[in-house]
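Protein chains in written order, with this note's numbering: chain A, 5 to 244; chain B, 5 to 244. Structure record follows, encoded as structure tokens.
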């Protein structure tokens, strides 16, 4: 039976890839690389390019929009092409920035691949938020602490609920909601111990922003950004 | 100035270490390896032993109990010894299973090292729960999903609050509370889509347990175990 490896590549620094990922990428017959925009830029490609033979790489554009119908149609087409590649090669790797189980496009593919009875092995990678906490020197969880990982919500009220329940809040996909986050942090100073955002962690143009220095903040971009908030309260949910 | 690297080694499989971690471990003058029990077994040591020269390794017993006073005293002694090592060597690495920012003993050390004005660089590793989700082929977060990471609480009520608020609950440090978890899963079948526990992920003796097959469960050990629960409800907190 042919086999597909779902390989996590880590946050972006090519040295933050695992030995196992490199071994698999060197051994497979084909590597499927997702592109996140039509300009053909691919972070995944940048990570693997020095480790593998170029001829093995097949690049696909994976749309990332919010229109479910469009997404379904495009993915159906993609899945057919990818199933073809897997059928024509003994081993294939699909590579993902970070880890395949954390907000990865691979999951849309994986849900659709299940019915084709293809053997899949997942190879873990370092998620971007783990790179971020290491860059910030902020422990995400100490003993007796809890953590939540969320996408940036549309309003302050939802954020406030998480803040009250957790020691650490990791916020991904901030994009255009950066102002809501900044306003929230300013309005809830008394609940927040530390608040940082890292843009392009471990990549060229990496930018670390202290979100409590409200008046000094210059955000060059908010794509590929992750915020980490350490709260002062120790969580109603845990009964403190 | 002398420098300390806090290096995450990943979950246990020596191939799940990063290129960067290996490069640093090969280059530093000394490597501090924590032992979690007095028998001298060290998972961290098992991971690095094939990559580095043995003579560089210094092993220390890091107590992991709940007595704050005892812990404080022992750590004060340890910190003195470790500061000595750092002062006598140009570069030193402290290695941690998984990642240094997730439930790691390094944080106790780190809090105490701050006052010595030692330069510290964190090198991320794959946390065990990421290895677990990859083994289980369970996406921790799909688009619009949220995740919480908690230690196993002392009662069902606390778990129930998390279940109602999150799509994915990752539970660490289950140990002797396994029966509370099993009872909870049986009592709340209607809220739970999937529930698995992995013991010793990526290590010898790895054991994957479907926690919903309640009557068939044989847990050989509950140390180094992580549970992943996918819930059916989509979270009151997110307004669905």
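We put the CB at the ideal spot given by N, CA and C, even for glycine.
- Contact between residue 12 of chain B and residue 95 of chain B is absent: CB atoms are separated by about 17 Å, not below the 8 Å threshold.
- DSSP places residue 101 of chain A outside both helix and strand once states are collapsed to three, so it counts as coil.
- Note on geometry: alpha-carbon atoms of residue 164 of chain B and residue 230 of chain B lie some 18 Å from one another.
- Residues of chain A with a Cβ closer than 7 Å to the Cβ of residue 143 of chain B are, in chain order, 105, 111.
- Under the Cβ distance rule, residue 126 of chain B counts among the residues neighbouring chain A, one pair being separated by less than 8 Å.
- For residue 110 of chain B, the uninterrupted alpha helix (DSSP H) segment begins and ends at 110-117.
- The beta carbon of residue 149 of chain A lies closer than 7 Å to those of 171, 172 in the same chain, with the five residues before and after it left out.
- The Cβ-Cβ distance between residue 212 of chain B and residue 192 of chain B does not fall below 8 Å.
- Inter-segment contact for the stretch 105-124 of chain A and the stretch 14-33 of chain A is absent: fewer than three beta-carbon pairs are separated by less than 8 Å.
- Taking a beta-carbon distance threshold of 8 Å, residue 137 of chain B counts as an interface residue toward chain A.
- Around the C-beta of residue 204 of chain B, 16 or more other C-beta atoms lie within 10 Å, and the residue is accordingly described as buried.
- In the three-state reduction of the DSSP assignment, residue 73 of chain B falls in the helix class, which pools H, G and I.
- The shortest CA-to-CA distance from residue 93 of chain B to any of B:47, B:122, B:16 is the one to B:122.
- At least one beta carbon of chain A lies nearer than 8 Å to the beta carbon of residue 22 of chain B.
- Relative to residue 65 of chain B, the option among B:6, B:78, B:236 whose CA is nearest is B:78.
- Membership of residue 136 of chain A in any beta strand (DSSP E) is not indicated; the residue belongs instead to the alpha helix (DSSP H) covering 132-140.
- Measuring C-alpha to C-alpha distances from residue 236 of chain B to each of B:206, B:198, B:210, B:208 identifies B:198 as the nearest.
- Taking residue 98 of chain A as reference, the option from A:73, A:128, A:227, A:209 with the minimal CA-CA separation is A:128.
- Residues of chain B with a Cβ closer than 7 Å to the Cβ of residue 209 of chain A do not exist, since the nearest Cβ in that chain sits about 19 Å away.
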